[in-house]
Each structure stands twice: as structure tokens, then as C-alpha cells.
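Novice: In the working numbering, the protein residues as written are 164 to 462. Beta carbons are placed, not taken as given, at the ideal position from N, Cα and C, and that holds for glycine. One structure, pasted below without further comment.
Okay, here's the thing in C-alpha cells:
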């Protein structure tokens, strides 16, 4: 293995026999936490453009977004296999016929070998589950759920908008359909101790979801979190603290859990803190070094 943990790159190479690129798409979705159904401001860390900072433009079709990103990525990577990733906002929220059309447009585009869908655990109604189950039989599929934390006080602070029990129900529903699940966790939410954060990691490990994404809380100037931070400053983890915490987290995960991400991608021109997160390669290098020092190796 090229890393001391089981990466998405490793998983996709095993599945498809070579490099597979992920194409971030914008299907023009919104979110029940923004349109007034649950809330109107969204999660506290989410900007007006959502989390898909590197997604394609919703002003063009899915096929056009895919072709545009293929061209961009071909300058850096030699690959003709792609995962279509619906990233921005809640990608199972909307009219079912529209969702079906978008998903099928993506998976029927040349070179697309799989589909990834980011959503909320409270947006998995029966008709959506049926569609996902149908697609799961046709292509390589995973669903990403934004849990972030298991602690209700933190969930209220970040305006997540659903209780932990909803996440647990969603996991069970998706498992029954044999659909792979990736859980997002944020490390560094205000008021959480190291033990609090690792308890969230342990909880996700115990649910045995297929994959996990870890990243530090980062503060962008286009979010309510920025306003909160300016009025109520809270400690920001140092790079060294974050590296140590991530390694602690990796050590408690099942060895076959696919680790999709261990550091975040804040938008450079909007990022307020932590500045160290801009040097992603340095963070990854320090994590690998710390794993080596601890003599930890996934097998």
C-alpha cells in the first residue's frame, strides 16, 4: 500500500484496475436547512455556494460539466475512468423524476464508472431509496452523509437540523439495500474536547460504514461561522494538534474502512482559519510521518 491506511485511491484501483478520477458536479439542488423546511440559514459552516467549492457550474448540463472537468483533469492525470460526484447541497432533495434524470445522465456519460451522492440522513425517503437501490445494481455507488458530530450540543451549534437517531436510521436503511456509505466528521467544533471528537470517530467506526471523511473545522468569511468566531473567538487547533488527533482517529478505525479524506479543502480566497490547512501536502506528509513514528500500518 502507498499509504498507512486504506485510501479511496487504493479502493478504486482495486475495483477498476487503474486510476479513477472523481468529478464534482452541481445538480442545482438546494437544502431543507436553507429553503425553510428545517431552517433558512443552513449549517453554520456552509457558505452561500454550499460545500462544493470545486464543483462544476449548475448553469450547464451534467454531461457538459463532466466533459469540462475531464479536460481540466487530463492536464494532470492520465485516466479515462471517472466517478460522477453530486457534491453541492442535498443531492437527494427535490422531485424524484428530476433526480432520476440527473443521476442517469451522469452514469450514462462515457467514461463514468460510478456515482457518488452527498446528502443528509433526513432526505432518504422511500422513493429515493428505491432509486438508489436501482442504480446500485447498475453501477458502483456510494452515499455521503454529513454527520459531523454525535454530540447534540454541537449539532445545535452548527445547525445540523436533525438528531443522531436519524443518522442511525439512515445507515440501517442504506445497509439493507447494500449501498455503501461514507460518513463526514468535522474535528474542532467549538466546545468539543479531544475525547468528544474521538468518541464521534469511535461511534462511526462501530457503525461500520464503508468509508469516512475527516477534516478540521475551517472558517470561511462567507459563512455564519465566521461571524460567530469574530464575536465569540474559540481556540483553533494547531497543525500539530490536528495531525496527532487524525492519527488517533485512524488508529481506531476498522482496517477495511475506506478513508476518503483526512484534511479539508477550504477556499483560499475566503479562508480565515486555520491558515495551515492551505498547505494540504504538508498536513498529509506530517500525518504519514506520525503514523510511521507510531509504527502503524494498515494491512
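1. For the alpha helix (DSSP H) containing residue 456, name the first residue and the last one.
2. So, using beta-carbon positions, are residue 423 and residue 265 closer together than 9 angstroms?
3. Taking 8 angstroms as the cut-off, does the segment 337-345 touch the segment 368-378 (at least 3 CB pairs, one atom from each stretch)?
4. Look up residue 246 in the DSSP assignment and say whether it is helix, strand or coil.
5. DSSP three-state call for residue 320: helix, strand or coil?
6. For the beta strand (DSSP E) that contains residue 197, what are its first and last residues?
7. Mapping DSSP to helix, strand and coil, what is residue 392?
8. I need the DSSP call for residue 231, collapsed to helix, strand or coil.
9. Give the list of continuous alpha helix (DSSP H) stretches no shorter than 4 residues that lie fully inside the segment 264-331.
10. Should residue 167 be labelled buried (16 or more other beta-carbon atoms within 10 Å of its own) or exposed?
11. Tell me the residue span of the alpha helix (DSSP H) that contains residue 413.
12. Can you tell me the Cα-Cα spacing of residue 233 and residue 430, whole angstroms?
Specialist: Reading from the atomic positions:
1. Under the DSSP assignment, residue 456 falls in the alpha helix (DSSP H) whose first and last residues are 443-456.
2. No Cβ-Cβ contact shorter than 9 angstroms links residue 423 with residue 265.
3. Judged by pairs of C-beta atoms under 8 angstroms, the segment 368-378 touches the segment 337-345, as three or more such pairs exist.
4. The DSSP-derived three-state label of residue 246 is strand.
5. The answer is helix: DSSP assigns residue 320 an H, G or I state.
6. Where residue 197 is concerned, there is no enclosing beta strand (DSSP E), given that its DSSP letter is neither H nor E.
7. Here residue 392 sits in helix by DSSP.
8. Residue 231: helix per DSSP, three-state reduction.
9. Taking only runs of at least 4 residues, the alpha helix (DSSP H) segments lying wholly in the segment 264-331 are 289-299, 315-320.
10. So residue 167 ends up on the buried side.
11. According to the DSSP assignment, residue 413 belongs to the alpha helix (DSSP H) that extends over 402-415.
12. Their backbone Cα atoms lie some 21 angstroms apart in a straight line.
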